[in-house]
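Each residue of the sequence shown is one higher than the one before, starting from 85 at the first, in the working numbering.
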Amino acid sequence: MPLPGDLAGRPVVARETVLVQAGGELHCFDPEDGSRRWSRAAADLGPRVAVADDLVYTTHDGTVRALRGA
85 MPLPGDLAGR
95 PVVARETVLV
105 QAGGELHCFD
115 PEDGSRRWSR
125 AAADLGPRVA
135 VADDLVYTTH
145 DGTVRALRGA
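Structural data, given as structure tokens:
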């Protein structure tokens, strides 16, 4: 699946999820078939994300954010 825009940071693979920031959004893909599970605006997210316990963690301007849905 083509991504909108350039990558921001590195893709993250965790369990059954691939996370990619591109085109100002954070995208979540199924690693087996490449289908997009969800997307979210990334304006308030840093360029790096980590996944633990089904949460996506990132920092931006000194704030740690945890997102559900990974």
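Built from N, CA and C at the ideal position, the CB exists for glycine as well. As the structure is a prediction and not an experimental result, all values here were calculated from the model.
Where residue i and residue j are concerned, what is the direct C-alpha to C-alpha distance, given to the nearest angstrom?
{"i": "S123", "j": "G108", "result": "10 Å"}
{"i": "G148", "j": "V135", "result": "As written in the sequence, residue 148 is Val, which differs from the Gly given in the question. Straight-line Cα distance between these residues: approximately 13 Å."}
{"i": "D145", "j": "D90", "result": "22 Å"}
{"i": "T143", "j": "L103", "result": "15 Å"}
{"i": "D138", "j": "P86", "result": "25 Å"}
{"i": "Y141", "j": "P95", "result": "14 Å"}
{"i": "P115", "j": "R132", "result": "19 Å"}
{"i": "R99", "j": "F113", "result": "11 Å"}
Using the three-state DSSP reduction, which class does residue i fall into: helix, strand or coil?
{"i": "S123", "result": "strand"}
{"i": "L129", "result": "coil"}
{"i": "E109", "result": "strand"}
{"i": "A98", "result": "strand"}
{"i": "L87", "result": "coil"}
Which residue or residues does DSSP assign as beta-bridge partners of residue i?
{"i": "A134", "result": "Y141"}
{"i": "A92", "result": "Its beta-bridge partners do not exist; DSSP assigns none."}
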